[in-house]
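Step one of this worksheet: look at the structure below.
Number of protein chains: 2
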Amino acid sequence: MGKKQVTFADIAEYTHFSKTTISRYFNHPDSLTLENQEKISRALDELGYKKNKLAKVLANGKSEFVGIIVPNLYLHYYSEMLTQLLATYANYHYKFLVFMSDKGAAEEENYIDELLAYQIEGLIVLSHTLSSEKLASYHIPIVAIERESMHISSVTSDNYMGALQATSLLIRDKCDILIHINVDVPKYVPAYDRIRAFEDTCTEHNIPYELSLNVSGDSYNDLFSQMKVIFNNIDEKYPDKKKGVFLANDTYANMFLNLVIQKYGCLPDSYEIVGFDNSPIANEAIIPITTIGQQIDVIARTAMDLLVKQMENRKQRKPEPDLAPTHKKIAPVLIRRETTS
Amino acid sequence: MGKKQVTFADIAEYTHFSKTTISRYFNHPDSLTLENQEKISRALDELGYKKNKLAKVLANGKSEFVGIIVPNLYLHYYSEMLTQLLATYANYHYKFLVFMSDKGAAEEENYIDELLAYQIEGLIVLSHTLSSEKLASYHIPIVAIERESMHISSVTSDNYMGALQATSLLIRDKCDILIHINVDVPKYVPAYDRIRAFEDTCTEHNIPYELSLNVSGDSYNDLFSQMKVIFNNIDEKYPDKKKGVFLANDTYANMFLNLVIQKYGCLPDSYEIVGFDNSPIANEAIIPITTIGQQIDVIARTAMDLLVKQMENRKQRKPEPDLAPTHKKIAPVLIRRETTS
DNA sequence: TTGTATGCGTTATCAG
DNA sequence: CTGATAACGCATACAA
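Protein chains in written order, with UniProt numbering: chain A, 1 to 341; chain B, 1 to 341.
Shown next as C-alpha cells:
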C-alpha cells in the first residue's frame, strides 16, 4: 500500500479538467465531447485508475448490495437457489452478501444488522428462524423464498400443484393404496400444501391412503433407520396391494427405493415411488426416480424481480409508503423417470 | 427514505459531545468515562442509530470484505467449501462477496474488477479459468483452493496421500487387478497426484493395474453412458479376477456401483470400489461407498488463516513487500464403508 | 478525557 | 459543455 489509489483528483490534475468532469465521464459521458472523452480515457489507463464504488455509494446512497440469508448449502435446493440468485448478476448487477444461518434468531438478527450497516438495498430470506412480522419491521425491501411470509413478499413453489401431480400420477397408475411420507410440517409453512394436496386428491378419487408424518432426525443415518421401520410396516401391512409411495423429497425417496431393492433385488410392480425436488440424487439413484421438479431458476428470477421492484420504488422521489406484500407461486413440473410405470 | 439516517452528528448534538467522541465510543470506548459511555449509549437507541460501515471503510480503508470466486455450487465439494468459508465469519468477521464463474476468463476478470472496486481486502479463488500468474499480478492478498497455484498461496487436499490410501486398501484386500477411472487430468492440477499415487503404489507393490482416463462429458447421463462402456470392458476383460476399482470421485463410484448391481443384483466379492470426496452420494448409494474424505472444514480454515495473515501484513506500517507464496496440503481420511471388505 | 480540523473518493447542486 | 463547492458518514492527527 505504498502508493495510494489513483483518484478523480489525480485524473483531473493530469487532464486539466475538474473532478466533476471526470465523474461525468463515467455517469453522463454524452455530456462530454468525444475528444475530451478520449483524453480522459487515455489518462485513466495511463495512471492505472481503479474505481472505488464505496466512495460512490457514500455519495449517492445506492450500494447495489443485496443480502441473502440461507439456512445451509447442504440441501441441493438451497445451493441451486443460491446459484440461480447469483446468476441474476448478469441482469441486474446487484452484488450479493451471503450469510448462512441456522443457529437461531439472535445470530440472524446480528447478520441482518451487519447487512444493514453495509447499506444493503434489499434482502432475500430463505431461512426460517425469524418470523415475517419481525422481518417486515425492518422496513426494507425484502423477499422470502419458500417460507412463512404473512407480512412480506414471497415466492414459493406451488406445492399444492406439485403434490397433486404426484398423487394423480400414482392414481392413474392404478395404485391400490397411496402413502405419503413426510415430516410433520407446520401448517403455516408453504410445504404443508404437499400434505393437503395429497389428502384432497386421494379423497376426491376415493383412494385409500395413509399419512406417515413421523419422520425426523438430524443425520442421514438417523433418517435411514426410521425409513427402514416405515418401509417394513408398509411392506407387511399391504402385502398384495399395489403401493404408491409419495415422499417429501428425493433423499427420502432414494432411501425408500434402496430399501425396496435391498429386499427384492429390484423394484417390483407392486411399488411406485415419487419424490420431490428433482435433486441430483433422484437421477443418480440405482433406478432413476420420478419426481416433482421445482423450477428453481424461475423462482430465483421471480424473487429478484419482486425485490428489484421494491428497491426501485425506494429510489423514487415519491416512494409508495410500503406496498402490500406480493406472493407468487411457481408451478413445478412432473419429471417421469423409472420408478413409475 | 423520508428521514435520512441518524449520524454521529445527530448523536453529538443530542448528547452535547463532539462527533469525535461518538466515534471514540465505538473504537476506543475505554477512553470515555463510564458515565459518558452510558449517556451516549442511551442516545444511540433513543435516536435509533444504525452503523454505516461503508463510511467507516472510506475513512479508514479497511473494508472487511473478502471476495470468493467459485466455479459452481452443483458439486458438493464447492458448496461445502463455501459453507465452511462463510462459517469463518464467526472467527474473523470478514464479510464475503461471492461470485460464480465458469464462463471464461473475461467474465472472471470483470468480477475481480468489481470486487476490487468494492475494496476487498483479499480474494479466495476456487475457479480454474485464470492462471495463477494472472492472479498474482493483481497484487492483493489471495489464496487458491485446490487449483493451479504456482505464483500464489494455496491450500489443497493431499491428493497423493488420499489416492495412496485408497490404492493400498485395495491391495491389502487382495485385489488381483487395480483400475483407476478418471478424467484426463492435466499434470499441473493438484488432482493429478491421484493418478500419480495410484500408479506409484501399484508399481511399488507389483500389482497389475490399468488406467482409464477417458471419462468426459457435460451431463450426468453422458457420463453414465461412458461409464457403462468402461464397466462392460472391465467386466469382460477380467472375468475371474478380483477387481479393485478406484474412481476419481463419488459420483463416478456410484455410477459404477449401480452398474455392477444392475448386472449382478448385488456387489459380488470380485469387486471392490473406492470413491473420492465423501460426497453425500457415497453414503446414500444403494450400498454405502468406501471413499476418501477431504477435510473441507480444515481446508477452508487453513485458507482463511493464510489469507488473514496476508491481509494483516498489508495493514502494517512496514508491510513485507510480497511474501513468497505458501502452499499447504491437508491430509484426507479414508472412510471405510461397505464397498470394500 | 475531549474537541478541532482535515481527509477518504465520489456525487450533487448550482453557476457559468 | 464545464467548474467550484458542498455534501455523504466516519476516522484520525494534532491540540487542548
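Note that the Cβ used here is the ideal one computed from N, Cα and C, for glycine as well.
query                                                                                                                       : result
Run of the alpha helix (DSSP H) containing F96/B, from where it starts to where it stops                                    : Per DSSP, F96/B belongs to no alpha helix (DSSP H); it is in the beta strand (DSSP E), K95 to M100.
Under 8 Å from the C-beta of T83/B: neighbouring residues of chain A                                                        : N72, L73, Y74 and M100
Residues within the stretch 260-287 of chain A neighbouring chain B, beta-carbon criterion of under 9 Å                     : I261, Q262, G265, C266, P280, I281, N283, E284, A285, I286 and I287
Bridge partners - E272/B, DSSP secondary structure assignment                                                               : G244/B
Cutoff 8 Å: H63/A Cβ touching any chain B Cβ                                                                                : With the sequence shown as reference, residue 63/A is identified as Ser, and His is not the correct amino acid for it. Yes, S63/A lies at the interface with chain B (some Cβ there is under 8 Å from its Cβ).
Segment contact, 8 Å Cβ cut-off, at least three pairs: the stretch 99-114 of chain A with the stretch 60-75 of chain A      : yes
CB contact check: T251/A to chain B, cutoff 8 Å                                                                             : yes
Beta-carbon contacts of F8/A that lie in its chain and below 8 Å, excluding the five residues immediately before and after  : K19, I22 and S23
Cβ of Q295/A within 8 Å of any chain B Cβ                                                                                   : no
Any chain B beta carbon closer than 8 Å to S153/A                                                                           : no
In chain order, each alpha helix (DSSP H) run of at least 4 residues that lies wholly inside the stretch 113-170 of chain A : 132-136
Cβ-based burial, L115/A [other Cβ within 10 Å; buried from 16]                                                              : buried
Rounded C-alpha distance that separates I207/A from I234/A                                                                  : 16 Å
For K174/A, three-class secondary structure by DSSP                                                                         : coil
The UniProt domain "HTH lacI-type" (6-60) of chain B: positions lying closer than 8 Å to chain A by Cβ                      : K50, K51, N52, K53, L54, A55, V57 and L58
CB contact flag (Q84/B, I335/B, <8 Å)                                                                                       : no
Per DSSP, cross-strand counterpart(s) of L334/B                                                                             : I292/B
Three-state secondary structure assigned by DSSP to K315/A                                                                  : helix
Between the CA atoms of I171/B and E121/B - distance to the nearest angstrom                                                : 48 Å
Buried versus exposed, by CB contacts within 10 Å (16 or more), K237/A                                                      : exposed
Option in S149/A, K174/A, K51/A and L164/A with minimal Cα separation from Q119/B                                           : K51/A
Own chain partners of M1/A with C-beta closer than 8 Å, once the 5 adjacent residues on each side are dropped               : Because the pLDDT of M1/A is 37, which lies under 50, any placement of that residue in the model is unreliable, and the number read from its coordinates should be weighed accordingly. Hits under 8 Å: none found.
Positions along the stretch 120-152 of chain A whose CB lies within less than 7 Å of some CB in chain B                     : none
Cβ-based burial, T340/B [other Cβ within 10 Å; buried from 16]                                                              : buried
Residue-level contact to chain A via CB, Y118/B, 8 Å cutoff                                                                 : yes
Members of the stretch 213-243 of chain A near chain B, C-beta cut-off 7 Å                                                  : Y220
Contacts of F256/B in chain A (Cβ-Cβ under 8 Å)                                                                             : Chain A residues near F256/B: none, gap ~12 Å exceeds 8 Å.
Where Q165/A falls, given that 16 or more other Cβ within 10 Å makes a residue buried                                       : buried
Three-state secondary structure assigned by DSSP to residue 406/A                                                           : One cannot answer for residue 406/A here, as it falls past the ends of chain A, which runs 1 to 341.
Buried or exposed (CB count within 10 angstroms, at least 16 for buried), C175/A                                            : buried
contact_flag[the stretch 271-287 of chain B, the stretch 202-217 of chain B] where n(CB pairs < 8 Å) is 3 or more           : no
The ligand ATP heavy atom lying under 7 Å from the CB of A105/B                                                             : For the ligand ATP, the structure offers nothing, since it holds no ligand at all.
Environment of L213/B [buried if 16+ CB atoms lie within 10 Å]                                                              : exposed
Whole-angstrom distance between Y160/A and T167/A, CA atom to CA atom                                                       : 10 Å
Rounded C-alpha distance that separates E146/B from T326/B                                                                  : 13 Å
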